[in-house]
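Heads up, the thing below is written out as structure tokens.
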Amino acid sequence: MRAFFASWLPSPATANRREQLRAAAGALLGIVLTALLSQALLKSTHAAAFLVAPIGASSVLLFALPSSPLAQPWSAIGGNVISGLLGVACVRWLGHSLPLPLLAGVACGAAIAAMFALRCLHPPGGAVALTTVIGGAAVQAAGFEFVLMTVLADTVLLVLMAITYNNLTGRSYPHVQQAAHINPHATKDAVPTVRLGFKPEDLDAVLQQHNQVLDISRDDLESLFMQTEQRAYNRRFGIIHCADIMSRDVISAEFGTGLAEAWSQMRTHRVAALPVLNRARRVIGIVTQSDFLEHGGLDDYGSIRQQLQRFLRKSGVTHTEKAEVVGQIMSAHPTTARIDTPIVDLVPLMADSGFHHIPIVDQEQRFVGIVTQSDLLAALYESRFAEAAA
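According to the UniProt record's numbering, the sequence shown is numbered sequentially starting from 1.
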């Protein structure tokens with residue numbers, strides 16, 4: 001019997017105590033501020049006139065599950081308001097002909113059907129629809145005004161609180177759907193990481209076969225699968241960190257390094273990129289051959305030599321719109337990795353996102369080396385070769 005009832009329990013939460021407290025504090029602030037602002041906007045002192053109970057359920061989704069498809073702004077606002085409107089319509093048109101239990105069921109069922117159709121499924125919407133049916137004489141007398149004033153104001157205010165609080169506490173909200181795997185070279189080939197293993201269409205087929213609503217977005221689910229594959233690779237072949245394969249004696253530049261000097265260094269050492277460091281040896285950018293070509297306007301290959309010489313030559317004046325130093329053409333805030341980052345984490349960046357060079361930093365964010373596509377390819381080859389030899 002004990003095992004039977006234990007099987008009803010959900011699996012333990014994966015969120016740590018800090019995340020749980022973050023969500024609880026967000027709901028606390030969100031409800032308090034929503035109530036105060038709604039009370040001021042609607043100019044009412046009666047709680048039922050400016051705060052509806054389903055907003056409490058919405059706060060759970062918006063602050064504890066901000067990446068859920070059920071918690072996005074359109075889901076919350078559209079779900080609550082549309083459900084409320086349908087609930088009021090059911091009371092107005094069917095209230096005299098249906099018993100209360102059946103009327104409540106019709107209102108909730110219609111709300112769910114409408115939320116599915118309009119892609120705004122939001123569980124508290126069912127509670128809003130039910131509230132319009134059993135909320136009493138005052139709610140039924142207010143009718144559509146109750147939905148378009150109280151429900152709409154409460155939901156919009158709570159969503160605004162969620163946008164502010166989640167982003168201030170490190171949670172992206174609204175949750176931006178990740179773009180499809182786009183080949184950075186603008187060809188029809190699939191990106192390298194999906195040429196082997198599971199493909200996006202495999203995930204789509206499984207989700208369609210599963211045929212149930214999941215409280216996680218498709219792109220998040222795909223990302224979790226990819227991360228699981230990376231962890232499985234580490235477990236099978238061992239973890240190789242960036243510190244093990246990076247180049248340490250790296251030619252670098254500063255913000256004020258002249259363009260001609262930087263270009264000469266790249267040609268002399270036969271490298272395609274230079275990390276740009278500040279005096280504290282922290283990475284502030286990266287300059288590549290592509291940056292020279294792009295900013296030099298080198299699209300006419302017939303005269304590329306003359307154009308490049310003109311671009312590298314100093315103007316000789318103190319004020320000019322022409323780029324003179326590396327800092328003016330570098331890509332600022334480049335993607336970096338730490339020395340203890342497993343190299344499999346770099347595979348999607350280099351294979352799919354088109355990065356050819358990843359600067360490596362230590363625990364104090366100081367530059368210590370660089371990993372190139374050649375370094376990564378050699379390391380992965382050697383790790384598989386060693387596994388085969390064993």
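Note that CB positions come from ideal geometry on N, CA and C, so glycine has one too.
Keep in mind it's a predicted model, so treat the numbers as computed, not measured.
Excluding the five sequence neighbours on either side, which residues of its own chain have a C-beta within less than 7 Å of the C-beta of residue i, listed in chain order?
i	result
residue 325	255, 256, 257, 258, 259
residue 281	366, 367
residue 149	42
residue 220	67
residue 38	50, 51, 153, 154, 157
residue 251	265, 269, 271, 274
residue 261	none
residue 8	none
With DSSP as the reference, label residue i as helix, strand or coil.
i	result
residue 31	helix
residue 174	coil
residue 357	strand
residue 261	helix
residue 213	coil
residue 277	strand
residue 18	helix
residue 133	helix
residue 254	strand
residue 112	helix
residue 337	strand
residue 366	strand
residue 342	strand
residue 295	helix
residue 52	coil
residue 272	coil
residue 95	coil
residue 8	coil
residue 150	helix
With a threshold of 16 other CB atoms inside 10 Å of the CB of residue i, please say whether the residue is buried or exposed.
i	result
residue 263	buried
residue 22	buried
residue 355	buried
residue 244	exposed
residue 202	exposed
residue 15	exposed
residue 166	buried
residue 214	exposed
residue 334	buried
residue 136	exposed
residue 69	buried
residue 170	exposed
residue 205	exposed
residue 292	buried
residue 210	exposed
Quick check: does the Cβ of residue i come within less than 8 Å of any heavy atom belonging to the ligand NAP?
i	result
residue 324	No copy of the ligand NAP appears in this structure; indeed no ligand is present at all.
Only counting the same chain, and skipping five residues up and downstream in sequence, which positions put a Cβ closer than 8 Å to that of residue i?
i	result
residue 114	82, 83, 86
residue 338	242, 360, 361, 362, 363
residue 247	369, 370, 371, 372, 375
residue 163	73, 173, 174
residue 104	130, 133, 134
Excluding the five sequence neighbours on either side, which residues of its own chain have a C-beta within less than 6 Å of the C-beta of residue i, listed in chain order?
i	result
residue 54	124, 127, 128
residue 340	241
residue 230	344
Taking the DSSP output, what are the residues bridged to residue i?
i	result
residue 331	286
residue 371	358
residue 325	258
residue 247	370
residue 241	342
Taking CB distances under 9 Å as the criterion, tell me whether residue i reaches chain B.
i	result
residue 229	Reference to chain B is not applicable here, since this structure consists of a single protein chain.
Legend entry - the segment 139 to 149 in contact with the segment 116 to 124 per 3-pair CB rule at 8 Å: Taking 8 Å as the limit for Cβ pairs, the verdict is that the segment 116 to 124 does not touch the segment 139 to 149.
Inset, instruction - Inspect the CB distances between the segment 151 to 158 and the segment 75 to 82 and report whether three or more fall short of 8 Å. - result: Touching, per the Cβ criterion.
Inset, instruction - Evaluate the contact criterion for the segment 56 to 72 versus the segment 94 to 112: three or more CB pairs, one atom per stretch, below 8 Å. - result: Judged by pairs of C-beta atoms under 8 Å, the segment 56 to 72 does not touch the segment 94 to 112, as fewer than three such pairs exist.
Inset, instruction - Spell out a yes or no on whether the segment 29 to 39 and the segment 157 to 177 are touching, meaning 3 or more CB-CB pairs, one atom from each, closer than 8 Å. - result: Because the criterion of three Cβ pairs below 8 Å is met, the segment 29 to 39 and the segment 157 to 177 touch.
Legend entry - Three CB pairs or more closer than 8 Å across the segment 329 to 344 and the segment 224 to 240: Yes, they touch.
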